[in-house]
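Before any comments, here is the structure.
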Ligand code: NAD
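Residue numbers (our numbering): 165 to 600.
As C-alpha cells, then:
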C-alpha cells in the first residue's frame, strides 16, 4: 500500500519504518527540514533502540522516503497517518493546533479518495473535527474516510511494541474502511478491535489514565509503608501475584513522567469536565504524582538538613531508561528543587545528556556515573538505566565525600548496600527509611 506518515517524531518515525518493513511504500513527512535532512543522511533525530538499523535498511531498499513536501506525499498516498504532537496547554486541555494544521494541509493536497488515520493521541471528538476541516478545504469534493487508530508503543521498546502490539484498535465509521486498515496490520497477527471513532479515541486515554492510576496507587501505598515501617516492594510483589492485578506498573518511586501519561491524564480530566463529569479520581492521581519529587527531596533534606553547598550526583536524566526523551522527566523537578536549595549538581545519563542540556543549564555534565559521583555527598538515582544496576560500588564509594545513596527507583538491594557501607535511602520501604 502507499502510505504517508505525517510527523517523524517518536511515533511517526517508528510507524513509518515498521510499515515499510512490512512491505509498504512509505513517505514520511515532517515540517522540520533539519529532521528530514538528518534522516535522508541516515542520522536519527531521536534515540530508540534498533531504530537506526530499521530505518536505514528500509530507506536503502527504497521503501521508506523522507520529504518535507507534504503535497506530493499526499498525492502519492492512499492512507495518511497523522502522527503529529498533541501537547498540553496550561489548563490541561490538549493543544490540537498541530492536528488542525495537518488536516488542513491534507485537505488542500487531496487529489482523490484518501483514508486519513489519526494516530496522535487526541480527545474524543477530534475525528469529527478532522472530518469537518477536510470537508471545508478539499478542493473538489474528493471522497475520504477518517479513522482513529491510537498508538500504544512505549519509548525505549517502541519497535518491539509496534511489531508485537497487545491489540490494534481501529475506530471507523464503516466496516469497509476498517478492513482496509486491518489489511495493513494483517501480518502482525495481533488481536484487533474494530469500533466506532469515539470509542477508539477514549480507549487510548482510558488505557494511559489507568496505568497512571496504578503508578500513583502504589506510590500512595509507598507513603503508607513509610509511615508504618512496611516494605512497599514486598507489598507490590504480594499484590502482583494476583493475576487480576498483575505486577506491571506497580513499581513505586518518583512517579510517572514523559510525553504521554502526564498530558493524557490532564487531557482526560479536562475533556470529562467539559462534558459535565468531574473525574476526581484522576485529579488525585495527578496530585499524588506531582508530590513525588518534593517527597523525595524531603527525604534528602532529612539526611542533609542544610543542602546549600552540598554536592549531589544525579544518575539518570531521561524520563525512563532507553530513551533520550526529557519531556516531563522527574529528574528535572528534583534537580530544580535541589538547585533552589543551593545544591551543587553533577549529572550523568547514558543517552539523554544532549537533550538535557537545553533544559538544565545549571548542572555539571559528567562523562560517566563514576565521574559524577566524585566528591559527592550522596548520589541520587533518578532513572533506572540498566547500567546503574551494574556499577562498581566499591569504586564509587572510594571517591565520594560520604557514601550515601538516595534511590528514587528502588533498584538496589538495601541489605547489600548497607553491608557495603553505604547509607541507603529509598521510597516506601519503611524499615530502611532511617538506616542505623
Ligand atoms: P513528537 O513531538 O516526537 O513528533 C511530532 C512530529 O510531528 C514533530 O517532528 C513535528 O515537527 C511534526 N509535525 C507537527 N506538525 C506537522 C505537520 N503539519 N506536518 C508535518 N509534520 C508535523 O511527538 P510523538 O512523541 O511522536 O507523539 C506524537 C503523537 O503520538 C502524540 O499525540 C502523542 O501523544 C502520541 N503518542 C506518543 C507516544 C510516545 O511514546 N511518544 C506513544 C503513543 C502515542
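Where is the CB? At the ideal position from N, CA and C, for every residue including glycine.
**Q.** Alpha-carbon spacing of residue 599 relative to residue 260, whole angstroms
**A.** At residue 599, the pLDDT of 48 sits below 50, so the modelled position is not reliable and the matter cannot be decided from this model.
Q. Would you call residue 410 buried or exposed, if buried means 16 or more other Cβ atoms sit within 10 Å of its Cβ?
A. That one is exposed.
Q: Using a threshold of 8 Å, state whether the C-beta atoms of residue 232 and residue 197 are closer than that.
A: Contact: yes.
Q: Could you say which of 288, 315, 272 lies nearest to residue 298 if we only look at CA atoms?
A: Considering only alpha carbons, the answer is 272.
Q) In this structure, does DSSP put residue 395 in helix, strand or coil? A) Reduced to three states, the DSSP call for residue 395 is strand.
Q: Please report the residue range of the alpha helix (DSSP H) in which residue 309 lies.
A: That residue, residue 309, is in no alpha helix (DSSP H); its beta strand (DSSP E) goes 308-312.
Q. To the nearest angstrom, how far is it from the Cα of residue 180 to the Cα of residue 265?
A. In a straight line, the C-alpha of residue 180 is about 20 Å away from that of residue 265.
Q) Contact between the region 444-457 and the region 293-311: three or more CB pairs below 8 Å? A) Segments in contact, no.
Q. Which residue or residues does DSSP assign as beta-bridge partners of residue 540?
A. Within the DSSP secondary-structure output, residue 540 pairs in no beta bridge.
Q: Answer yes if the region 218-226 comes into contact with the region 244-252, meaning at least three C-beta pairs across the two stretches below 8 Å, and no otherwise.
A: Per the Cβ contact rule, the region 244-252 is not in contact with the region 218-226 (fewer than 3 Cβ pairs under 8 Å).
Q: Whole angstroms is fine: what's the gap from residue 524's alpha carbon to residue 496's?
A: Near 7 Å, if we compare the C-alpha coordinates of residue 496 and residue 524.
Q: Evaluate residue 439 with the Cβ neighbour count: other Cβ atoms within 10 Å of its Cβ, from every protein chain shown; 16 or more gives buried, anything less gives exposed.
A: By the beta-carbon neighbour count (other beta carbons within 10 angstroms, threshold 16), residue 439 is exposed.
Q | residue 357 classed as buried or exposed, judged by whether at least 16 other C-beta atoms fall within 10 angstroms | A | Its Cβ having fewer than 16 others within 10 Å, residue 357 is exposed.
(Q) Looking at the strands, I want to know which residues DSSP matches up with residue 477. (A) Answer is 510, 543, bridged to residue 477.
Q) Hey, quick one: how far does the beta strand (DSSP E) through residue 176 stretch, first residue to last? A) No beta strand (DSSP E) holds residue 176; the alpha helix (DSSP H) holding it covers 174-185.
Q. Under the rule that 16 or more other beta-carbon atoms within 10 Å means buried, what is residue 462, buried or exposed?
A. Exposed, by the Cβ-count rule.
Q.
I'd like the span of the alpha helix (DSSP H) that includes residue 570, first residue to last.
A. Membership of residue 570 in any alpha helix (DSSP H) is not indicated; the residue belongs instead to the beta strand (DSSP E) covering 568-571.
Q: Drop a sphere of 10 angstroms on the beta-carbon of residue 355, count the other beta-carbons inside from all chains shown, and report buried for 16 or more, exposed for fewer.
A: Its Cβ having fewer than 16 others within 10 Å, residue 355 is exposed.
Q: Classify residue 388 as buried or exposed, calling it buried when 16 or more other Cβ atoms lie within 10 Å of its own Cβ.
A: By the beta-carbon neighbour count (other beta carbons within 10 angstroms, threshold 16), residue 388 is exposed.
Q) Can you list, in chain order, the residues of its chain whose CB lies under 6 Å from that of residue 200, leaving out five sequence neighbours each side? A) 194, 230, 232.
Q.
Using C-beta distances below 7 Å, list every residue in its chain close to residue 417, excluding the 5 sequence neighbours before and after it, in chain order.
A. Excluding its 5 nearest sequence neighbours in each direction, residue 417 has C-beta neighbours in its own chain below 7 Å: 572, 573, 574, 591, listed in chain order.
Q. From residue 482 to residue 399, what does the alpha carbon distance come to, in whole angstroms?
A. Spanning the two alpha carbons is a distance of roughly 27 Å.
Q. Straight-line CA distance for residue 452 to residue 166?
A. Going by the C-alpha atoms only, they are around 45 Å apart.
Q: Run through the region 263-347 for me and flag every whole alpha helix (DSSP H) of 4 or more residues, listed as ranges in chain order.
A: For the region 263-347, whole alpha helix (DSSP H) runs of length 4 or above, ordered along the chain, are 290-301, 322-327.
Q. Between residue 475 and the rest of its own chain, which residues show a CB-CB distance below 8 Å, the 5 nearest in sequence each way excluded?
A. Apart from the 5 residues on each side of it in sequence, residue 475 sits with its Cβ closer than 8 Å to the Cβ of 507, 508, 509, 510, 539, 540, 541, 565 in its chain, given in chain order.
Q. Is the number of C-beta pairs between the region 579-594 and the region 378-387 that are closer than 8 Å three or more?
A. The region 579-594 vs the region 378-387: in contact.
Q | Beta-carbon gap between residue 329 and residue 352 smaller than 8 Å | A | Between residue 329 and residue 352, the C-beta gap is smaller than 8 Å, which places the two residues in contact.
Q) Since residue 213 contacts residue 320 with CB under 8 Å, what's their CB separation in whole angstroms? A) About 7 Å; that satisfies the 8 Å criterion.
Q) Near residue 464, which residues of its chain fall below 6 Å by C-beta distance, leaving aside the five closest residues on each side in sequence? A) Cβ within range, chain order: 570.
Q. Taking the C-alpha atoms as reference points, what is the distance between residue 393 and residue 552?
A. Rounded to the nearest angstrom, the gap between the Cα atoms of residue 393 and residue 552 is 27 Å.
Q. Where do the N-terminal and C-terminal ends of the alpha helix (DSSP H) with residue 220 fall, by residue?
A. The continuous alpha helix (DSSP H) containing residue 220 extends over residues 215-224.
Q. In three-state DSSP terms, what is residue 497?
A. When secondary structure is reduced to three states using DSSP, residue 497 falls in the helix class.
Q. Whole-angstrom Cβ separation of residue 478 and residue 546, contact assumed at under 8 Å?
A. Between the beta-carbon of residue 478 and that of residue 546 there is about 6 Å, and that keeps the pair under the 8 Å contact cut.
Q.
Taking 7 Å as the cut-off, is the C-beta of residue 316 nearer than that to any heavy atom in the ligand NAD?
A. At least one heavy atom of the ligand NAD lies closer than 7 Å to the C-beta of residue 316.
Q. Of the residues 286, 308, 284, which one's Cα is nearest the Cα of residue 295?
A. When only C-alpha atoms are compared, the closest one is 308.
Q. Where does the unbroken alpha helix (DSSP H) through residue 606 begin, and where does it stop?
A. Any question about residue 606 goes unanswered here, given that the chain covers just 165 to 600.
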